[in-house]
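Student: What follows is a structure written as structure tokens; I'll ask about it next.
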Amino acid sequence: MKLIKALFVLIIALVIMSVTLTNRSVDESIVVANLSQEIATLQNQNTILRAQVALDGSLGTLSTKIADAGFVETPSVVALKTSSPVASR
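For the sequence shown, the residue numbers in this note's numbering are 1 to 89.
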């Protein structure tokens, strides 16, 4: 009789442990699903930002911004000669 009671208690304990572990795994899978969704959203935003940076850095866009800022192209380059700070032979 003691053996039957001990086995019954053991089975009940194992069932409770199984339910508890199943509940925890479901909770963790929900967290993992939420994190996966957030990762996918951040990857999409990252792709959009990379495209925007590439567009803003293109030569056509930069030349338009430069012209709008009032810079003009000079026909000749002027260089000022200075003494070299390094000794030459």
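From the three backbone atoms N, C-alpha and C, an ideal C-beta is built for every residue, glycine too.
Just to check my reading of the structure: Leu55 and Thr64 have Cβ atoms closer than 8 Å, yes? What is that Cβ distance to the nearest angstrom?
Tutor: Within the sequence shown, the letter at position 55 stands for residue 55. Within the sequence shown, the letter at position 64 stands for residue 64. At roughly 12 Å, the Cβ-Cβ gap does not stay under 8 Å, so Leu55 and Thr64 are not in contact.
Student: Check for me: the alpha helix (DSSP H) holding Ser83 runs from which residue to which?
Tutor: For the purposes of this step, residue 83 is taken as the residue at position 83 of the sequence shown. Here Ser83 belongs to no alpha helix (DSSP H), and DSSP marks it neither H nor E.
Student: Could you give the distance in angstroms between the alpha-carbon of Gln37 and the alpha-carbon of Gln43?
Tutor: Here residue 37 refers to the residue found at position 37 when the sequence shown is read from its first residue. Here residue 43 refers to the residue found at position 43 when the sequence shown is read from its first residue. Cα-Cα distance, rounded: 10 Å.
Student: Please state whether DSSP places Thr74 in a helix, a strand or coil.
Tutor: Taking the first residue of the sequence shown as 1, we reach residue 74 at position 74. Looking at Thr74 - three-state DSSP - the assignment turns out to be coil, as it is neither helix nor strand.
Student: In this structure, how does DSSP classify Ser58 when only helix, strand and coil are distinguished?
Tutor: Stepping through the sequence shown from its first residue, residue 58 is reached at position 58. If DSSP states are grouped into helix, strand and coil, Ser58 belongs with coil.
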